[in-house]
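Residue numbers (our numbering): 4 to 496. Reading through the structure tokens given below for one structure.
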Ligand SMILES: Nc1ncnc2c1ncn2[C@@H]1O[C@H](COP(=O)(O)OP(=O)(O)OP(=O)(O)O)[C@@H](O)[C@H]1O
Ligand SMILES: [Mg+2]
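Here it is, written out as structure tokens:
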């Protein structure tokens, strides 16, 4: 391969910063064309497409266009993302309210009446969401037998779902009318809706069906994520597919300073037209100081290739090592746990977070934790681990969570992580009870995906322990969950 370009570091795999966003002109226009409708009636829109196609990046661009762009509408934007199960019920909706409260304290609302009104409505909605999730969220953690940690849970639920829905709707309505007074709209962005738990999905659907005027709700969903039934969801769809040659050229130049010619761009469009693969290819060329000629690209993309592998191979060794070590954790990764995993407790925390913030493969999340910049990188790093290393890293994660428990603000996340890490470390005695107990709570709150994952872990644990009573209880629970999941009346919710 010929050496032409200057050698430099990787560009981040995080969703694209709006100022570097390339192409997608029709899709952007489509989104903008919905704004008048949002003002009049309230409007929802789904951004769909396969993984790595640029859905989260388009959401970033929309946030910028509507809120921050000089000369733009200066609308109010709140944003949240949904994580893979096992995760917490309504955590994304609570993150939306958190964003709103940040806007309120930062002086975004100019009228004092507006601030108080919104703060009050947000507090009320948050209180309802919190109470609804209370039977799942432990109010404390206690050592049970020996060093094993269990949750202390609140009593029976006090809040019916309908009140949650009404509380959230009232907040949106207040926001919409507040914005309308100043000729703006309130924009709610929800990333990765296909990962929503059943209660989250129900709330999302109810909100979509009854959006108040002055509100735009844009959510992303992977193809095949179950939101395609447009009759049921009845929302316009902006579908993203591979980038075209001219968009690829724009991306090469704007983000990497690389200029693929028409032939090279056509080759990329054909073979690696999704933005994640393009990022991987351009980064690989950039760090190796190669020009994006058709020959170089053909060599890079010869035979079977995996974009995550190309991305991983182009990383400095230190990032490869950190990626592998952290790949066993569930996002968001708490900083004290990461620091412990990377064997740098105490004062080394600051350099670790400094490094992570500059990293092309990790991103800091709004709550202060971290995640992989793109889930492909986590999946690939995890796949690289041998069975023994995976087990050892999970055992290390258990230790790190137990040591850092007093520093972790979200107790349920710690418990869910422990349930998974005990199981993956093959510490079945500790995994069995914890998984079964947590699963039952998620089942009671109708988050069947999470309940099933945890119950299956309890079943395998009970089998390994040879505990027939526990095994029978866990299997009964699994059957109940599967029955609920296959109940067509229930899935319509
Ligand atoms: N229009 C674009 N211009 C420049 N870079 C882009 C664009 N769209 C996506 N990218 C880059 O491509 C990668 C994948 O994009 P993104 O994370 O937005 O995809 P996604 O569809 O949200 O993926 P997933 O479904 O897996 O969450 C990111 O590194 C992002 O920076
Ligand atoms: Mg995304």
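Cβ atoms here follow ideal geometry from the backbone N, Cα and C, with glycine treated the same way. Bear in mind the structure is a predicted one, so any value in this text is a computation, not a measurement.
query	result
Using C-beta distances below 8 Å, list every residue in its chain close to residue 369, excluding the 5 sequence neighbours before and after it, in chain order.	98, 101, 102
DSSP on residue 8, reduced to helix/strand/coil?	Since pLDDT at residue 8 reaches only 39, below the 50 mark, its modelled position is unreliable, and the value read off the structure follows with that caveat. Coil.
Restricting to Cα atoms, I'd like to know which of 284, 302, 407 is closest to residue 343.	407
Between which two residues does the alpha helix (DSSP H) containing residue 296 stretch?	First-last for residue 296: undefined, no H or E at that position.
Could you pull the start and end residues of the beta strand (DSSP E) that residue 365 belongs to?	365–367
Going straight from the alpha carbon of residue 420 to that of residue 383, what length do you get?	20 Å
Any heavy atom of ligand 2 inside 7 Å of the beta-carbon of residue 277?	no
I'd like the ranges of any beta strand (DSSP E) spanning at least 3 consecutive residues and lying wholly in the segment 33–65.	46–52
Runs of 4 residues minimum, wholly inside the segment 368–399: which ones carry the alpha helix (DSSP H) assignment?	378–387
Count the other C-beta atoms from every protein chain shown that fall within 10 angstroms of the C-beta of residue 321, then say buried if there are 16 or more, exposed otherwise.	exposed
For residue 128, which residues of its own chain have a beta-carbon under 7 Å away from its beta-carbon, when the five flanking residues on both sides are left out?	100, 170, 171, 174
Could you give the residue range of the beta strand (DSSP E) that holds residue 81?	79–84
Helix, strand or coil: how does DSSP classify residue 24 here?	coil
By alpha-carbon positions, which one of 331, 265, 411 ends up nearest to residue 300?	265
Have a look at 15, 51, 73, 332 and flag the residue whose alpha-carbon is nearest the alpha-carbon of residue 425.	332
Of all the alpha helix (DSSP H) runs that stay within the bounds of the segment 251–322, which reach a length of 4 or more residues?	265–275, 278–291, 297–303, 310–316
Whole alpha helix (DSSP H) runs in the segment 435–475 with 4 or more residues, listed along the chain?	451–468
Identify, in the order they occur along the chain, each residue of the same chain with its Cβ nearer than 6 Å to the Cβ of residue 17, setting aside the five sequence neighbours on each side.	366, 376
Measuring only the C-alpha atoms, how far is residue 135 from residue 472?	32 Å
In angstroms with no decimal places, state the Cα-to-Cα distance between residue 435 and residue 453.	15 Å
Rounded to a whole number of angstroms, what is the C-alpha to C-alpha distance between residue 446 and residue 484?	7 Å
Going by beta-carbon coordinates alone, are residue 92 and residue 450 separated by less than 8 Å?	yes
Can you tell me whether residue 247 is helix, strand or coil according to DSSP?	coil
Just to confirm my understanding: we take residue 53, look at its own chain, exclude 5 residues before and 5 after, and list those with CB closer than 6 Å. What are they?	226
Where do the ends of the alpha helix (DSSP H) carrying residue 224 lie?	First-last for residue 224: 218–225, but that is the beta strand (DSSP E), not the alpha helix (DSSP H).
Given 7 Å as the limit, tell me if residue 16 has its C-beta closer than that to any heavy atom belonging to ligand 1.	yes
With DSSP as the reference, identify every bridge partner of residue 192, one or two as the case may be.	82, 221
So, with DSSP's three-state summary, where would you put residue 241?	strand
Given a cut-off of 8 Å on the beta-carbon distance, is the pair residue 480 and residue 437 in contact?	no
Check whether the Cβ of residue 54 lies closer than 7 Å to any heavy atom of ligand 1, and answer yes or no.	yes
From residue 23 to residue 41, what does the alpha carbon distance come to, in whole angstroms?	27 Å
Please report how far the alpha carbon of residue 84 lies from the alpha carbon of residue 95, in whole angstroms.	6 Å
How long is the line joining the alpha carbons of residue 3 and residue 199, rounded to whole angstroms?	Limits of the chain in this structure are 4 at one end and 496 at the other, which puts residue 3 out of reach.
Quick test of your reading: residue 422 and residue 441, contact by CB under 8 Å. State the CB separation rounded to the nearest angstrom.	6 Å
Is the beta carbon of residue 78 less than 8 Å from the beta carbon of residue 187?	yes
Report buried or exposed for residue 410, applying the criterion of at least 16 other Cβ atoms within 10 angstroms of its Cβ.	exposed
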